[in-house]
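Protein chains in written order, with the numbering used here: chain A, 1 to 341; chain W, 1001 to 1341. Don't be surprised by glycine CBs; every beta carbon is placed ideally from N, CA and C. Some notes on the structure that comes next.
Number of protein chains: 2
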Amino acid sequence: MRIALDAMGGDYAPAVNVEGAIEAVIEHGFEVILVGNQEILKGELEAKNYPRPLISIRHSSEVAGMDESTITALRKKKDSSIRVAVNLVKSGEADAVVSAGHSGVAMATALFVLGALPGVARPAIAATMPTLKGPFILIDAGANVDSKPLHLLQFALMGDAYVKAIFQREDPRVGLLGIGEEDIKGNELTKETFKLLKESDINFIGNIEGKDVFTGIADVVVCDGFIGNITLKISEGLADVITKMLKREIADKTTGRLGYLFLKSALRNFRKKTDYAEYGGAPLLGINGTCIIGHGRSTAKAIKNALRLASEFSSKRVAEMIAGEINERIPQSMTRKGKGA
Amino acid sequence: MRIALDAMGGDYAPAVNVEGAIEAVIEHGFEVILVGNQEILKGELEAKNYPRPLISIRHSSEVAGMDESTITALRKKKDSSIRVAVNLVKSGEADAVVSAGHSGVAMATALFVLGALPGVARPAIAATMPTLKGPFILIDAGANVDSKPLHLLQFALMGDAYVKAIFQREDPRVGLLGIGEEDIKGNELTKETFKLLKESDINFIGNIEGKDVFTGIADVVVCDGFIGNITLKISEGLADVITKMLKREIADKTTGRLGYLFLKSALRNFRKKTDYAEYGGAPLLGINGTCIIGHGRSTAKAIKNALRLASEFSSKRVAEMIAGEINERIPQSMTRKGKGA
């Protein structure tokens, strides 16, 4: 197993990327190819202790900036670290790619270079989110906007395959993110998608309202990427704000000091359970290969866990499972008709 | 000032509704007409102490059930408590109406009986949400789905007028809920709406990402009602889950007891700051009158605060202000063109 890491991508790159790669190879024994500026990466690795044969460097002369337009980066920066890393998967030199850089560029590059799986109309991001009863995945967490019902049906099948493979859950419960429990509530997209999911052989549990998303009633929550991205970011933002408000509450008290210590430890454990770094990253499902998108604010631990997820995703052949689900479980007539829609 | 209260609407009706009405008339001195089953309401009031002239009962023989279809309730239950309460506003016997019952039925009834303000294409719900720096409003929080750009422009203007009147904020900062900060990111709806807001004389601060919604950078956050409802419910659900997870963290500790007491008090204060009951309810903006939609789980305090908000909304003539904004600040050509869109 050999994983290409976009070593220049992410807010704290390349330092945490190199650190995360070292932790990953020590813990998991797979190989990592660091892709990026050779001089800088050599410098980062120099004084470190790690099994030398497991980490190599592949030079790339450019980096896709966080503010860059996706189209421009794709067209003009053909020697960017993300592009070279994805190329390694294409050429078979690597089994998977991980990037914590510009997520739009990473997704577009993976789709452009590796292509979509046969039958998949639109690849989608599967983000892992915590609940009281263990994690669920939200798909699409931001790869697409203005999705059509057939796309959401495909997201459901891809999420189903992913959860079976990675979380070892049989017959995952699939819900549709919506605004009412019945099939007559929702917008045009969810009302049409509801019918498709109902007719399919998916374990469809119906619409899931926002208030129930974090109770753990579904393994897969399906939505358009615009709504998925907002859901993801709202949740992150709110968890941050709640933590700050609670800290302020405690600090305001005259009994502050002791209470603050108790709360700090509780908050630390809570943040650990809800930390994106624990999951490492979110796979782009539906492409012909393995691509894990890390959080822009990835720490070394997040990079390590993203690499671990990439290795698991690749060795369990999740992409092949997804291709199988899409082609066996969606009637061909629908795919042909739906593709133009 | 006389406010009609749907005394039968809400999960804990009519007990908390009557209690909230009593607290409101004592605290604020306005009149409340309790609408609902006369016998039951008489029974609820019987042993209570309150200024008798300030509370009266208007009998209605039916209740719109929480599981009822909006259309059926509107067509068949012409003597429901919400219908009779709204009728009192129409006839001029009441200045405003408050309901914590089936929100879809309440909104549809208010729109059907009172009508939309001239020029308003679609009324919208303005929900008040907490941030580190005081509340903002989210509009539309669930009255409409599949909105068009012109509708969102109107939501922005209605929200602007509401925030000026109720929060006394001059030149409110209006943001568009989206998935990227630039105008080129988003879905078809937000990209088109971005242009309209940019061209308007609104204090438009651009797209607001989910992660920034709770930081307090905007006074008005505009979105389609499907996304707004999900945002609202996700936030409520997540705040609940976080509270539960933190309580569990503390309970798990051997040092549990003392820490739990500290945390409980911090959580209580936090919940108070973020409690919907503090705001009472959310107005339906854009109708020809005052209608406040309460939370289904309304407590007596929530009812009291919803009645207070109704009184303030009506006495400040917010509906008239909204009509003014819509007619002065949106070019007539756009309204005519947009209405069919």
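Range of the contiguous alpha helix (DSSP H) that encloses residue i
{"i": "residue 138 (chain A)", "result": "Segment 136-139 is the beta strand (DSSP E) holding residue 138 (chain A); no alpha helix (DSSP H) there."}
{"i": "residue 1151 (chain W)", "result": "1149-1166"}
{"i": "residue 28 (chain A)", "result": "15-28"}
{"i": "residue 1309 (chain W)", "result": "1300-1315"}
{"i": "residue 1196 (chain W)", "result": "1188-1199"}
{"i": "residue 323 (chain A)", "result": "318-329"}
Alpha-carbon spacing of residue i relative to residue j, whole angstroms
{"i": "residue 1091 (chain W)", "j": "residue 1085 (chain W)", "result": "10 angstroms"}
{"i": "residue 1277 (chain W)", "j": "residue 1157 (chain W)", "result": "26 angstroms"}
{"i": "residue 338 (chain A)", "j": "residue 190 (chain A)", "result": "Interpretation of residue 338 (chain A) is limited by its pLDDT of 44, a score under 50 that renders its predicted location unreliable; no figure is taken from the coordinates."}
{"i": "residue 147 (chain A)", "j": "residue 196 (chain A)", "result": "14 angstroms"}
{"i": "residue 169 (chain A)", "j": "residue 42 (chain A)", "result": "42 angstroms"}
{"i": "residue 240 (chain A)", "j": "residue 1005 (chain W)", "result": "38 angstroms"}
{"i": "residue 1134 (chain W)", "j": "residue 1329 (chain W)", "result": "27 angstroms"}
{"i": "residue 1003 (chain W)", "j": "residue 1087 (chain W)", "result": "12 angstroms"}
{"i": "residue 340 (chain A)", "j": "residue 212 (chain A)", "result": "Residue placement at residue 340 (chain A) is poorly supported in this model, since its pLDDT is 39, which falls under 50; the coordinates are not used for a value here."}
{"i": "residue 12 (chain A)", "j": "residue 302 (chain A)", "result": "11 angstroms"}
{"i": "residue 1163 (chain W)", "j": "residue 49 (chain A)", "result": "59 angstroms"}
{"i": "residue 183 (chain A)", "j": "residue 1288 (chain W)", "result": "31 angstroms"}
{"i": "residue 1325 (chain W)", "j": "residue 1145 (chain W)", "result": "23 angstroms"}
{"i": "residue 336 (chain A)", "j": "residue 327 (chain A)", "result": "With a pLDDT of 49 at residue 336 (chain A), under the threshold of 50, the modelled position of this residue cannot be trusted; read the value that follows with caution. For residue 336 (chain A) and residue 327 (chain A), the distance between alpha carbons rounds to 12 angstroms."}
{"i": "residue 280 (chain A)", "j": "residue 1194 (chain W)", "result": "34 angstroms"}
{"i": "residue 1115 (chain W)", "j": "residue 1297 (chain W)", "result": "27 angstroms"}
{"i": "residue 28 (chain A)", "j": "residue 46 (chain A)", "result": "21 angstroms"}
{"i": "residue 268 (chain A)", "j": "residue 155 (chain A)", "result": "33 angstroms"}
{"i": "residue 175 (chain A)", "j": "residue 306 (chain A)", "result": "26 angstroms"}
{"i": "residue 1237 (chain W)", "j": "residue 1231 (chain W)", "result": "10 angstroms"}
{"i": "residue 219 (chain A)", "j": "residue 21 (chain A)", "result": "30 angstroms"}
{"i": "residue 200 (chain A)", "j": "residue 33 (chain A)", "result": "41 angstroms"}
{"i": "residue 1321 (chain W)", "j": "residue 1026 (chain W)", "result": "29 angstroms"}
Cβ-based neighbour list, residue i, same chain, cut-off 7 angstroms, excluding 5 preceding and 5 following
{"i": "residue 429 (chain A)", "result": "Chain A is shown from 1 up to 341; residue 429 (chain A) falls before or after that span and cannot be answered."}
{"i": "residue 1083 (chain W)", "result": "1077, 1109"}
{"i": "residue 1312 (chain W)", "result": "1166"}
{"i": "residue 19 (chain A)", "result": "300"}
{"i": "residue 40 (chain A)", "result": "14"}
{"i": "residue 117 (chain A)", "result": "286, 287, 288, 319, 322, 323, 326"}
Top-ranked residue by Cα proximity to residue i, from the options
{"i": "residue 159 (chain A)", "options": "A:172, A:312, A:148, A:147", "result": "A:172"}
{"i": "residue 1121 (chain W)", "options": "W:1152, W:1097, W:1240", "result": "W:1152"}
{"i": "residue 177 (chain A)", "options": "A:208, A:166, A:194", "result": "A:208"}
{"i": "residue 1217 (chain W)", "options": "W:1138, W:1054, W:1165", "result": "W:1138"}
{"i": "residue 1007 (chain W)", "options": "W:1304, W:1180, W:1320", "result": "W:1304"}
{"i": "residue 246 (chain A)", "options": "W:1022, W:1102, W:1132", "result": "W:1132"}
{"i": "residue 202 (chain A)", "options": "A:211, A:222, A:188", "result": "A:222"}
{"i": "residue 1119 (chain W)", "options": "W:1150, W:1127, W:1125, W:1144", "result": "W:1150"}
{"i": "residue 1 (chain A)", "options": "A:308, A:200, A:321, A:248", "result": "A:308"}
{"i": "residue 141 (chain A)", "options": "A:225, A:315, A:115", "result": "A:225"}
{"i": "residue 35 (chain A)", "options": "A:192, A:44, A:29", "result": "A:44"}
{"i": "residue 123 (chain A)", "options": "A:220, A:286, A:30", "result": "A:286"}
{"i": "residue 243 (chain A)", "options": "A:265, A:93, A:227, A:228", "result": "A:265"}
{"i": "residue 229 (chain A)", "options": "A:127, A:73, A:54", "result": "A:127"}
{"i": "residue 113 (chain A)", "options": "A:192, A:26, A:75, A:161", "result": "A:75"}
Bridge partners - residue i, DSSP secondary structure assignment
{"i": "residue 286 (chain A)", "result": "Bridge partners of residue 286 (chain A): none, in fact."}
{"i": "residue 1006 (chain W)", "result": "W:1035"}
{"i": "residue 1109 (chain W)", "result": "None, per the DSSP bridge assignment."}
{"i": "residue 221 (chain A)", "result": "A:138, A:175"}
{"i": "residue 58 (chain A)", "result": "A:35"}
{"i": "residue 281 (chain A)", "result": "A:294"}
{"i": "residue 80 (chain A)", "result": "A:62"}
{"i": "residue 116 (chain A)", "result": "A:287"}
Cβ-based neighbour list, residue i, same chain, cut-off 6 angstroms, excluding 5 preceding and 5 following
{"i": "residue 1038 (chain W)", "result": "1057, 1059"}
{"i": "residue 104 (chain A)", "result": "70"}
{"i": "residue 15 (chain A)", "result": "none"}
Spatial neighbours of residue i in its chain, beta-carbon cut-off 8 angstroms, leaving aside the 5 residues before and after
{"i": "residue 1061 (chain W)", "result": "1037, 1079"}
{"i": "residue 1180 (chain W)", "result": "1186, 1207, 1209"}
{"i": "residue 1009 (chain W)", "result": "1017, 1063, 1064, 1081, 1082, 1099, 1100, 1101, 1102, 1106, 1294"}
{"i": "residue 234 (chain A)", "result": "none"}
{"i": "residue 1290 (chain W)", "result": "1089, 1095, 1096, 1097, 1283, 1310, 1313, 1314, 1318, 1319"}
{"i": "residue 30 (chain A)", "result": "1, 2, 3, 24, 54, 307, 311"}
Endpoints, the beta strand (DSSP E) within which residue i is located
{"i": "residue 98 (chain A)", "result": "96-99"}
{"i": "residue 1127 (chain W)", "result": "1124-1129"}
{"i": "residue 176 (chain A)", "result": "174-178"}
{"i": "residue 208 (chain A)", "result": "204-209"}
The ligand SAM heavy atom lying under 7 angstroms from the CB of residue i
{"i": "residue 226 (chain A)", "result": "What this structure holds is no ligand at all, so the ligand SAM is not there to describe."}
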